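S.K.: Residue 599 in my numbering is what sits at position 125 of the sequence shown, and the numbering runs on without skipping anything. In this text, a Cβ means the ideal position worked out from N, Cα and C, and glycines have one as well. Only a predicted model underlies this, so the values are computations on that prediction, with no experimental measurement involved.
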Amino acid sequence: MIRIGVMGAGVIARFGHAPAILETPGLVLASVYDPSEESLAEFARTHPGVEVETFRDRDAFFASGISAVSVCSSAPAHLSNVREAAAHGLPVLCEKPLAMTDADIAAMIALMEEAHLPLVAAFCYRFSPVAQSIKHLIDQGAIGAVRAMRLVYNWNLHGKYSYENGERHENPYRAGRMLEGGPMVDCGVHQIDLARWWTGSEITDYTAHAAWVDEEYEAPSHMWLHADHESGCHSAIEMSFAYTHTAKEPVSLFTYDIIGTDGILHYDREGWKFEMRNGFETAHMPGSSEKNFVGMYHAWARALRTGDFHGLPNGRDGMVATRTARTATEECIARHRNSHKMGKP
Numbered sequence: 475m476i477r478i479g480v481m482g483a484g485v486i487a488r489f490g491h492a493p494a495i496l497e498t499p500g501l502v503l504a505s506v507y508d509p510s511e512e513s514l515a516e517f518a519r520t521h522p523g524v525e526v527e528t529f530r531d532r533d534a535f536f537a538s539g540i541s542a543v544s545v546c547s548s549a550p551a552h553l554s555n556v557r558e559a560a561a562h563g564l565p566v567l568c569e570k571p572l573a574m575t576d577a578d579i580a581a582m583i584a585l586m587e588e589a590h591l592p593l594v595a596a597f598c599y600r601f602s603p604v605a606q607s608i609k610h611l612i613d614q615g616a617i618g619a620v621r622a623m624r625l626v627y628n629w630n631l632h633g634k635y636s637y638e639n640g641e642r643h644e645n646p647y648r649a650g651r652m653l654e655g656g657p658m659v660d661c662g663v664h665q666i667d668l669a670r671w672w673t674g675s676e677i678t679d680y681t682a683h684a685a686w687v688d689e690e691y692e693a694p695s696h697m698w699l700h701a702d703h704e705s706g707c708h709s710a711i712e713m714s715f716a717y718t719h720t721a722k723e724p725v726s727l728f729t730y731d732i733i734g735t736d737g738i739l740h741y742d743r744e745g746w747k748f749e750m751r752n753g754f755e756t757a758h759m760p761g762s763s764e765k766n767f768v769g770m771y772h773a774w775a776r777a778l779r780t781g782d783f784h785g786l787p788n789g790r791d792g793m794v795a796t797r798t799a800r801t802a803t804e805e806c807i808a809r810h811r812n813s814h815k816m817g818k819p
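Set out below in structure tokens:
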């Protein structure tokens, strides 16, 4: 059995990674590290009855007999976590965004390469049955050469406010994601990765625009990224944390539209609608969730057993997606700041 140690006991670890590890044959959720006693207690409440060692001391965590590490901490801690894992000779699966800066990601990749260890980026969207089907259909030429993609994820990130004892408080989870870079950095990296993976083509140029629905943050809460690929495809990616973020009854919008020379693919998470239309047929195919943590962990477990990590998103994939998302966000912030200096609204 492969003993997995999880670094970070927050929301993504509790509801994404831990359940997937527990559902994956051959993996054992052995240890969880977090410097926060409150976070570890919440982890235990979320998974009652699960026998797992918890640690606030990092050295004790790495001495607990683990075989590989899932880094689920906040992005600023990723480099430090990966450095420790590399020093202890442990493979790493790291949450997105890989780090706060390009230099930190490059350092993470170098540390793992020098230790001859695999670094896998946790792009769980790749492992969704829908994403896998799209990749297969594109590779088979079912819609011809892909020329345009529109990938949209507009949602409220669990709402701007939470209510306790009748008092309104800002949602700390949403606030944290805004402080780390906003929707394109936090969620858009998935769509950027999908666009590169589906087309098999690198991004050569891009432009970005943004809206500040939440004016108190430096990062925009709604963004658009337009990217050109070497293949001639253009990807339009729209990300929002402000869509119904103050609504009593919030909704979300999550769609993929892919236009090829011989047809289209369309996916809408609402109702799991997934279809292909080309010159031969209109095919209504089985839908699924947009993400698949269990599928990702099955693939990682197989790679850890065999040593074959081909097909898994690697550190470079994480670097390209994070760099594109963060640079685009920073360019939007700079324009926004300059427009205010010039007195523009």
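Kindly indicate which three-state DSSP category ARG624 falls into: helix, strand or coil?
M.R.: Position 150 of the sequence shown, counting from 1, holds the residue named residue 624. Correct three-state label for ARG624: strand.
S.K.: Quick one: give me the first and last residue of the beta strand (DSSP E) that ALA515 is part of.
M.R.: Reading the sequence shown from its first residue, position 41 is the one you call residue 515. Note, ALA515: premise wrong, no beta strand (DSSP E); alpha helix (DSSP H) at 511-520.
S.K.: Would you check if the stretch 554-569 and the stretch 617-636 touch, i.e. whether three or more CB-CB distances between them fall below 8 Å?
M.R.: no
S.K.: What residue ranges within the stretch 603-653 form continuous alpha helix (DSSP H) runs of no fewer than 4 residues, ordered along the chain?
M.R.: Within the stretch 603-653, the alpha helix (DSSP H) runs of at least 4 residues that lie entirely inside it are, in chain order, 603-613 and 646-653.
S.K.: With a floor of 3 residues, list each beta strand (DSSP E) that falls wholly inside the stretch 670-696, ordered by position along the chain.
M.R.: 677-685, all fully within the stretch 670-696.
S.K.: Per DSSP, which one or two residues make a beta bridge with LEU712?
M.R.: The residue labelled residue 712 in the question sits at position 238 within the sequence shown. It is Glu, not Leu, that sits at residue 712 in the sequence shown. VAL626 and TRP698.
S.K.: Relative to the alpha-carbon of ASN555, which residue among ALA581, TYR635 and GLY662 has its alpha-carbon at the smallest distance?
M.R.: If you number the sequence shown from 1, residue 555 lands on position 81. It is ALA581 whose Cα lies nearest to the Cα of ASN555.
S.K.: Can you tell me where the alpha helix (DSSP H) holding LEU778 begins and where it ends?
M.R.: Sequence index remark: in the sequence shown, residue 778 carries index 304 (1-based). Taken as a continuous stretch (DSSP letters only), the alpha helix (DSSP H) holding LEU778 covers 767-780.
S.K.: For the beta strand (DSSP E) that contains ASN752, what are its first and last residues?
M.R.: Within the sequence shown, the letter at position 278 stands for residue 752. That run of the beta strand (DSSP E) goes 747-752.
S.K.: CA-CA distance, LEU585 and ALA573?
M.R.: For this step, residue 585 is matched to residue 111 along the sequence shown. For this step, residue 573 is matched to residue 99 along the sequence shown. Answer to the nearest angstrom: the Cα atoms are 14 Å apart.
S.K.: Comparing C-alpha positions only, which one of LEU699, THR718, TYR741 and GLY785 sits nearest to HIS683?
M.R.: Locating residue 683 in the sequence shown gives position 209, counting from the first residue. It is LEU699 whose Cα lies nearest to the Cα of HIS683.
S.K.: Is the stretch 700-716 touching the stretch 590-598, taking contact as three or more C-beta pairs under 8 Å?
M.R.: no
S.K.: My guess is that SER547 and MET481 are in contact by the Cβ rule of under 8 Å, so how many angstroms apart are they, rounded?
M.R.: By 1-based counting over the sequence shown, the position of residue 547 is 73. By 1-based counting over the sequence shown, the position of residue 481 is 7. Indeed they touch by this definition, with Cβ atoms about 5 Å apart.
S.K.: Cβ of ILE486 within 9 Å of Cβ of MET793?
M.R.: Residue numbering aside, residue 486 sits at position 12 when the sequence shown is read from its first letter. Residue numbering aside, residue 793 sits at position 319 when the sequence shown is read from its first letter. No, these two residues do not count as a Cβ contact at 9 Å.
S.K.: In whole angstroms, give me the CA-to-CA distance for THR528 and GLY785.
M.R.: Numbered from 1 along the sequence shown, position 54 holds the residue referred to as residue 528. Numbered from 1 along the sequence shown, position 311 holds the residue referred to as residue 785. Whole-angstrom Cα-Cα distance: 32 Å.
S.K.: Helix, strand or coil: how does DSSP classify GLU569 here?
M.R.: Position 95 of the sequence shown holds residue 569. Shown here, GLU569 sits in coil according to DSSP, grouped into three states, outside any helix or strand.
S.K.: Buried or exposed for SER513, please, with buried defined as at least 16 other CB atoms from any protein chain shown within 10 angstroms of its CB.
M.R.: Locating residue 513 in the sequence shown gives position 39, where the first residue counts as 1. Counting Cβ neighbours within 10 Å, SER513 comes out buried, since at least 16 surround it.
S.K.: At which residues does the alpha helix (DSSP H) containing ASP533 begin and terminate?
M.R.: Against the sequence shown, residue 533 aligns to sequence position 59. Segment 532-536, the alpha helix (DSSP H) holding ASP533.
S.K.: Select from HIS562, ALA560, HIS552 and ALA559 the residue whose C-alpha is nearest the C-alpha of ASP576.
M.R.: By 1-based counting over the sequence shown, the position of residue 576 is 102. Looking at the Cα atoms, HIS552 is the closest of the given residues.
S.K.: Where does ASN766 land, buried or exposed, given buried means 16+ other C-beta within 10 angstroms?
M.R.: The residue given as residue 766 occupies position 292 in the sequence shown. ASN766 is buried by the Cβ-count criterion.
S.K.: Pull up the CB-CB distance for THR796 and PRO509, whole angstroms please, since I reckon it's below 8 Å.
M.R.: Here residue 796 is taken as the residue at index 322 of the sequence shown, counted from 1. Here residue 509 is taken as the residue at index 35 of the sequence shown, counted from 1. With 8 Å as the limit, THR796 and PRO509 do not qualify as a contact, their Cβ atoms being about 24 Å apart.
S.K.: Give me the DSSP bridge partner(s) of ILE478.
M.R.: Counting from 1 along the sequence shown, the entry for residue 478 is found at position 4. Answer by DSSP bridge pairing, in chain order: LEU503 and ALA542.
S.K.: Mind checking who LEU727 pairs with in its DSSP beta bridge?
M.R.: Along the sequence shown, one-based indexing puts residue 727 at 253. DSSP lists ASN628 as partners of LEU727.
S.K.: Should GLY734 and ALA616 be called a contact, given that it needs their Cβ atoms to be closer than 9 Å?
M.R.: Here residue 734 refers to the residue found at position 260 when the sequence shown is read from its first residue. Here residue 616 refers to the residue found at position 142 when the sequence shown is read from its first residue. Yes, the Cβ-Cβ distance between GLY734 and ALA616 is below 9 Å.
S.K.: In chain order, what residues of the same chain lie with their CB nearer than 7 Å to the CB of TRP746, ignoring the 5 residues before and after it?
M.R.: What you label residue 746 is simply residue 272 of the sequence shown in a count that begins at 1. Result list for TRP746: GLY761 and SER762, in chain order.
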